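Heads up: the sequence shown runs through residues 27 to 245, numbered per our numbering. Inspection log for the structure reproduced underneath, given as C-alpha coordinates.
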Amino acid sequence: MGDDAELTAAVLAAQNGDETAFRAVYRAVHPRLLGYVRTLVGDLDAEDVASEAWLQIARDLERFGGDADRFRGWAARIARNRALDHIRMRGRRPAIGGDETELTGRAAECDTAGEAIEALATGRTLDLIARLPQDQAEAVVLRVVMGLDAKTAAETLGKRPGAVRTAAHRGLKKLAEMLGDDPETAGVLDALPPQRGPRSRAVTSASVTQASARTQKDM
(Lines of atoms letter the chains of each structure in order from A and count residues from 1; the text may use other names and numbers.)
(Lines give C-alpha, C1' and ligand atoms only; values in the text may rest on other atoms or scores of the structure.)
Protein backbone atom coordinates (compact mmCIF):
# COMPACT_ATOMS: atom_id res chain seq x y z
CA MET A 1 0.00 0.00 0.00
CA GLY A 2 3.00 2.28 -0.17
CA ASP A 3 2.32 2.97 -3.84
CA ASP A 4 0.10 5.98 -4.52
CA ALA A 5 -1.67 4.27 -7.42
CA GLU A 6 -2.65 1.35 -5.19
CA LEU A 7 -3.88 3.67 -2.45
CA THR A 8 -5.87 5.67 -5.01
CA ALA A 9 -7.44 2.45 -6.29
CA ALA A 10 -8.20 1.24 -2.77
CA VAL A 11 -9.93 4.54 -1.92
CA LEU A 12 -12.03 4.23 -5.08
CA ALA A 13 -12.95 0.63 -4.24
CA ALA A 14 -13.82 1.64 -0.66
CA GLN A 15 -16.14 4.33 -2.02
CA ASN A 16 -17.92 1.57 -3.90
CA GLY A 17 -18.53 -0.36 -0.69
CA ASP A 18 -15.50 -2.69 -0.63
CA GLU A 19 -14.85 -3.20 3.09
CA THR A 20 -11.54 -4.98 2.43
CA ALA A 21 -10.36 -1.97 0.46
CA PHE A 22 -11.37 0.37 3.29
CA ARG A 23 -9.33 -1.71 5.74
CA ALA A 24 -6.38 -1.45 3.35
CA VAL A 25 -6.79 2.33 3.24
CA TYR A 26 -6.94 2.43 7.02
CA ARG A 27 -3.78 0.34 7.39
CA ALA A 28 -1.94 2.54 4.91
CA VAL A 29 -2.94 5.92 6.35
CA HIS A 30 -3.74 5.44 10.03
CA PRO A 31 -0.24 5.12 11.57
CA ARG A 32 0.92 8.44 10.15
CA LEU A 33 -2.43 10.12 10.73
CA LEU A 34 -2.24 9.04 14.35
CA GLY A 35 1.24 10.52 14.53
CA TYR A 36 -0.15 13.84 13.33
CA VAL A 37 -2.91 13.77 15.92
CA ARG A 38 -0.39 12.98 18.65
CA THR A 39 1.49 16.19 17.90
CA LEU A 40 -1.75 18.13 18.40
CA VAL A 41 -3.41 16.53 21.43
CA GLY A 42 -0.72 14.39 23.05
CA ASP A 43 -0.46 10.64 23.57
CA LEU A 44 -3.33 10.14 26.00
CA ASP A 45 -6.09 11.45 23.73
CA ALA A 46 -4.65 10.68 20.30
CA GLU A 47 -6.34 7.31 19.81
CA ASP A 48 -9.79 8.67 20.69
CA VAL A 49 -9.43 11.70 18.43
CA ALA A 50 -8.11 9.59 15.56
CA SER A 51 -11.05 7.22 15.98
CA GLU A 52 -13.47 10.14 15.73
CA ALA A 53 -11.67 11.27 12.58
CA TRP A 54 -11.99 7.82 10.99
CA LEU A 55 -15.70 7.72 11.78
CA GLN A 56 -16.13 10.95 9.85
CA ILE A 57 -13.86 9.73 7.05
CA ALA A 58 -16.00 6.60 6.67
CA ARG A 59 -19.21 8.61 6.78
CA ASP A 60 -18.10 11.22 4.22
CA LEU A 61 -16.01 8.98 1.95
CA GLU A 62 -18.61 8.87 -0.82
CA ARG A 63 -18.30 12.63 -1.22
CA PHE A 64 -14.49 12.58 -1.52
CA GLY A 65 -12.92 13.05 -4.94
CA GLY A 66 -9.24 12.79 -5.75
CA ASP A 67 -6.11 10.67 -5.72
CA ALA A 68 -4.00 9.26 -2.89
CA ASP A 69 -2.26 12.53 -2.11
CA ARG A 70 -5.54 14.41 -1.90
CA PHE A 71 -6.99 11.66 0.28
CA ARG A 72 -4.14 11.99 2.77
CA GLY A 73 -4.67 15.75 2.83
CA TRP A 74 -8.44 15.35 3.22
CA ALA A 75 -7.98 12.85 6.05
CA ALA A 76 -5.47 15.17 7.72
CA ARG A 77 -7.92 18.10 7.59
CA ILE A 78 -10.62 15.99 9.19
CA ALA A 79 -8.22 14.79 11.89
CA ARG A 80 -7.03 18.34 12.52
CA ASN A 81 -10.58 19.64 12.90
CA ARG A 82 -11.42 16.83 15.34
CA ALA A 83 -8.23 17.57 17.28
CA LEU A 84 -8.97 21.30 17.48
CA ASP A 85 -12.54 20.55 18.62
CA HIS A 86 -11.09 18.28 21.30
CA ILE A 87 -8.66 20.96 22.42
CA ARG A 88 -11.45 23.53 22.70
CA MET A 89 -13.59 21.15 24.75
CA ARG A 90 -10.63 20.24 26.92
CA GLY A 91 -9.93 23.89 27.55
CA ARG A 92 -6.20 23.90 27.02
CA ARG A 93 -3.68 24.01 24.23
CA PRO A 94 -1.92 20.97 22.72
CA ALA A 95 0.80 19.34 24.77
CA ILE A 96 3.73 20.83 22.88
CA GLY A 97 6.78 22.75 23.97
CA GLY A 98 8.86 21.95 27.02
CA ASP A 99 12.44 20.89 27.58
CA GLU A 100 13.65 18.46 24.94
CA THR A 101 16.40 17.15 27.25
CA GLU A 102 13.78 15.11 29.10
CA LEU A 103 13.30 12.97 26.00
CA THR A 104 16.68 11.28 25.86
CA GLY A 105 15.73 8.68 28.45
CA ARG A 106 12.21 8.01 27.29
CA ALA A 107 11.35 4.61 25.91
CA ALA A 108 10.05 4.33 22.38
CA GLU A 109 6.31 3.76 22.07
CA CYS A 110 4.32 1.61 19.65
CA ASP A 111 1.17 2.52 17.77
CA THR A 112 -1.96 0.39 17.33
CA ALA A 113 -2.12 -3.17 15.98
CA GLY A 114 1.63 -3.59 15.96
CA GLU A 115 1.89 -1.11 13.09
CA ALA A 116 4.27 1.40 14.63
CA ILE A 117 5.38 4.13 12.30
CA GLU A 118 8.41 2.21 11.08
CA ALA A 119 9.96 5.11 9.22
CA LEU A 120 9.78 7.36 12.27
CA ALA A 121 12.02 5.54 14.77
CA THR A 122 8.85 4.68 16.77
CA GLY A 123 7.58 7.30 19.19
CA ARG A 124 10.82 9.18 19.82
CA THR A 125 10.75 11.25 16.64
CA LEU A 126 7.15 12.30 17.24
CA ASP A 127 7.99 13.20 20.83
CA LEU A 128 10.69 15.50 19.49
CA ILE A 129 8.45 16.99 16.82
CA ALA A 130 5.78 17.74 19.43
CA ARG A 131 8.28 20.02 21.21
CA LEU A 132 8.53 22.29 18.19
CA PRO A 133 6.41 25.46 17.87
CA GLN A 134 2.98 24.36 16.68
CA ASP A 135 3.29 25.77 13.15
CA GLN A 136 6.61 23.98 12.66
CA ALA A 137 5.39 20.74 14.23
CA GLU A 138 2.34 20.59 11.97
CA ALA A 139 4.34 21.48 8.87
CA VAL A 140 6.95 18.79 9.57
CA VAL A 141 4.35 16.11 10.26
CA LEU A 142 2.23 16.94 7.22
CA ARG A 143 5.17 17.32 4.82
CA VAL A 144 7.50 14.62 6.11
CA VAL A 145 5.39 12.19 8.11
CA MET A 146 2.09 12.32 6.21
CA GLY A 147 3.98 12.78 2.94
CA LEU A 148 1.91 15.68 1.62
CA ASP A 149 3.25 18.09 -0.96
CA ALA A 150 3.47 21.75 0.04
CA LYS A 151 0.23 22.70 -1.73
CA THR A 152 -1.85 19.98 -0.07
CA ALA A 153 -0.28 20.65 3.34
CA ALA A 154 -1.02 24.36 2.91
CA GLU A 155 -4.67 23.60 2.10
CA THR A 156 -4.88 21.51 5.27
CA LEU A 157 -3.50 24.33 7.40
CA GLY A 158 -5.14 27.22 5.56
CA LYS A 159 -1.76 28.75 4.72
CA ARG A 160 0.35 29.50 1.67
CA PRO A 161 2.66 26.74 0.36
CA GLY A 162 5.71 28.94 0.86
CA ALA A 163 4.86 29.44 4.52
CA VAL A 164 4.49 25.69 5.02
CA ARG A 165 7.84 25.00 3.31
CA THR A 166 9.53 27.58 5.52
CA ALA A 167 7.96 26.20 8.70
CA ALA A 168 8.94 22.64 7.78
CA HIS A 169 12.51 23.71 7.02
CA ARG A 170 12.82 25.57 10.32
CA GLY A 171 11.28 22.64 12.17
CA LEU A 172 13.73 20.13 10.70
CA LYS A 173 16.60 22.47 11.49
CA LYS A 174 15.39 22.76 15.09
CA LEU A 175 15.09 18.97 15.32
CA ALA A 176 18.71 18.67 14.21
CA GLU A 177 19.71 21.12 16.94
CA MET A 178 17.75 19.10 19.53
CA LEU A 179 19.44 15.90 18.52
CA GLY A 180 22.94 17.34 18.32
CA ASP A 181 25.62 14.74 18.72
CA ASP A 182 23.67 12.55 21.16
CA PRO A 183 24.60 8.98 20.11
CA GLU A 184 21.23 7.65 21.31
CA THR A 185 19.27 9.90 18.96
CA ALA A 186 21.73 10.62 16.18
CA GLY A 187 19.91 8.40 13.69
CA VAL A 188 16.41 9.66 14.31
CA LEU A 189 16.37 12.26 11.53
CA ASP A 190 17.85 9.72 9.15
CA ALA A 191 14.70 7.64 9.66
CA LEU A 192 12.46 10.43 8.40
CA PRO A 193 11.49 10.27 4.74
CA PRO A 194 12.41 13.35 2.66
CA GLN A 195 9.90 16.11 2.04
CA ARG A 196 7.79 15.45 -1.03
CA GLY A 197 8.24 17.71 -3.98
CA PRO A 198 5.48 18.67 -6.43
CA ARG A 199 3.75 15.72 -8.05
CA SER A 200 5.36 15.02 -11.41
CA ARG A 201 2.14 13.81 -12.99
CA ALA A 202 -1.48 13.33 -12.11
CA VAL A 203 -2.97 9.87 -11.81
CA THR A 204 -5.13 9.37 -14.87
CA SER A 205 -8.56 7.80 -14.78
CA ALA A 206 -7.25 4.95 -16.93
CA SER A 207 -4.43 4.19 -14.52
CA VAL A 208 -6.84 4.33 -11.57
CA THR A 209 -9.18 1.90 -13.31
CA GLN A 210 -6.34 -0.51 -14.09
CA ALA A 211 -4.92 -0.23 -10.60
CA SER A 212 -8.36 -0.69 -9.07
CA ALA A 213 -8.92 -3.89 -10.98
CA ARG A 214 -5.52 -5.20 -9.97
CA THR A 215 -5.93 -4.22 -6.32
CA GLN A 216 -9.39 -5.75 -5.96
CA LYS A 217 -8.20 -8.91 -7.66
CA ASP A 218 -5.32 -9.22 -5.23
CA MET A 219 -7.47 -8.63 -2.12
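Using N, Cα and C, we set each Cβ at its ideal position, and we do this for glycine too. None of these values were measured; they are calculated from a predicted model.
Buried or exposed (CB count within 10 angstroms, at least 16 for buried), Arg85: By the neighbour-count rule (16 or more Cβ atoms within 10 Å), Arg85 is not buried but exposed.
Whether Ala105 touches Leu33 by CB criterion (8 Å): no
Endpoints, the alpha helix (DSSP H) within which Lys199 is located: 187 to 205
Among Trp100, Ala39, Lys177, the one whose alpha carbon lies nearest that of Thr192: Among Trp100, Ala39, Lys177, the Cα nearest to that of Thr192 is on Lys177.
Straight-line gap, Glu126 to Arg196 (C-alpha atoms, nearest Å): The pLDDT assigned to Glu126 is 29, lower than 50, so where the model puts this residue is not dependable, and the model offers no usable value.
Closest residue to Leu205 among Leu154, Glu164, His56, Leu110 (Cα-Cα distance): Leu154
For Asp161, the first and last residue of its enclosing alpha helix (DSSP H): 160 to 166
Of the listed residues Ala31, Asn42, Leu152, Ala50, nearest to Phe90 (C-alpha basis): Asn42
Member of Met115, Val75, Ile113, Arg116 whose CA lies at the smallest distance from the CA of Ala102: Val75
Closest Cα partner of Val166 within the set Ala31, Thr65, Ala47: The shortest Cα separation from Val166 among Ala31, Thr65, Ala47 belongs to Thr65.
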